[in-house]
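This report refers to the structure that appears directly beneath it.
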Amino acid sequence: MAYKYNPFTGELDYTVGPGTGTASIEFDSDSGTANPTIPGVITFSGGAGIATSATGSTVTITSSAGGFTWNEVTGTSQSMAVENGYIANNAGLVTLTLPATASIGEVVQVIGKGAGLYKIAQNAGQTIHYISSDTTTGVGGSLTAIEQYAALELVCITANTDWAVLDSSGNFTVV
Numbered sequence: 017m018a019y020k021y022n023p024f025t026g027e028l029d030y031t032v033g034p035g036t037g038t039a040s041i042e043f044d045s046d047s048g049t050a051n052p053t054i055p056g057v058i059t060f061s062g063g064a065g066i067a068t069s070a071t072g073s074t075v076t077i078t079s080s081a082g083g084f085t086w087n088e089v090t091g092t093s094q095s096m097a098v099e100n101g102y103i104a105n106n107a108g109l110v111t112l113t114l115p116a117t118a119s120i121g122e123v124v125q126v127i128g129k130g131a132g133l134y135k136i137a138q139n140a141g142q143t144i145h146y147i148s149s150d151t152t153t154g155v156g157g158s159l160t161a162i163e164q165y166a167a168l169e170l171v172c173i174t175a176n177t178d179w180a181v182l183d184s185s186g187n188f189t190v191v
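If you read the sequence shown in my numbering, its first letter stands for residue 17, the second for the next number, and so on.
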């Protein structure tokens with residue numbers, strides 16, 4: 017009988033067939049396959065931001081790495097940080113300024129809540145690409161929500177300078 021972990025179903029698949037009667041188990045992962053060094057024993061260990069614990073027949077794998085942090089902005093201005101989301105909640109316009117430094121692939125998200133709407137302001141040399149429209153490069157360019165609950169997700173596509181709208185709901189004014 018042979019066992020193989022199926023990562024799609026989360027179950028052990030097994031095959032019954034001729035053999036010596038010993039069972040083997042194999043765990044396929046994103047970066048390799050683990051086979052027990054002692055029959056029936058396999059060791060789980062956590063990497064960066066991953067912890068493992070066990071009790072009885074249960075192994076628990078917990079992620080404590082990174083993650084997205086959400087911030088409610090109740091004032092009228094806020095400098096943004098990468099891998100953060102912002103809820104713009106003020107009766108007046110909330111101006112959120114893009115991070116001055118960002119690596120390719122880093123993200124910011126914004127959701128409107130307050131009646132004053134929000135504007136994404138830029139630093140020197142920065143541009144936001146929104147479908148077929150680009151903001152004016154530098155501090156004169158911006159993207160402004162024109163509906164209270166409009167939302168966007170921006171991804172840095174050129175380190176520090178270029179941001180693209182990955183997803184949006186609502187309507188925006190491009191300057």
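By construction, the Cβ of each residue, glycine as well, lies at the ideal position given by its N, Cα and C atoms. Keep in mind the model is a prediction, meaning the values are calculated, not measured.
Whether residue i touches residue j by CB criterion (9 Å)
{"i": "A161", "j": "G128", "result": "yes"}
{"i": "A167", "j": "V126", "result": "yes"}
{"i": "D178", "j": "E169", "result": "no"}
{"i": "Y146", "j": "A104", "result": "no"}
Member of the options whose CA lies at the smallest distance from the CA of residue i
{"i": "G101", "options": "W86, A167, G91", "result": "W86"}
{"i": "V110", "options": "G186, D178, L159, D183", "result": "L159"}
{"i": "T174", "options": "I77, A116, G91", "result": "A116"}
{"i": "T76", "options": "V89, E88, S61", "result": "S61"}
{"i": "C172", "options": "A107, S80, E122", "result": "E122"}
Residue i burial status per 10 Å Cβ neighbour count (16 or more: buried)
{"i": "A131", "result": "exposed"}
{"i": "A39", "result": "Any reading at A39 must be qualified, since the residue scores a pLDDT of 47, below 50, and its modelled position is unreliable; the value itself is stated next. Exposed, by the Cβ-count rule."}
{"i": "F84", "result": "exposed"}
{"i": "V12", "result": "The question about residue 12 has no answer here: the residues shown for the chain are numbered 17 through 191."}
{"i": "I66", "result": "exposed"}
{"i": "A70", "result": "exposed"}
{"i": "G157", "result": "buried"}
{"i": "I144", "result": "buried"}
Contact belief for residue i with residue j at Cβ below 8 Å, rounded distance in angstroms
{"i": "L114", "j": "Q94", "result": "Actually they do not touch by this definition, with Cβ atoms about 11 Å apart."}
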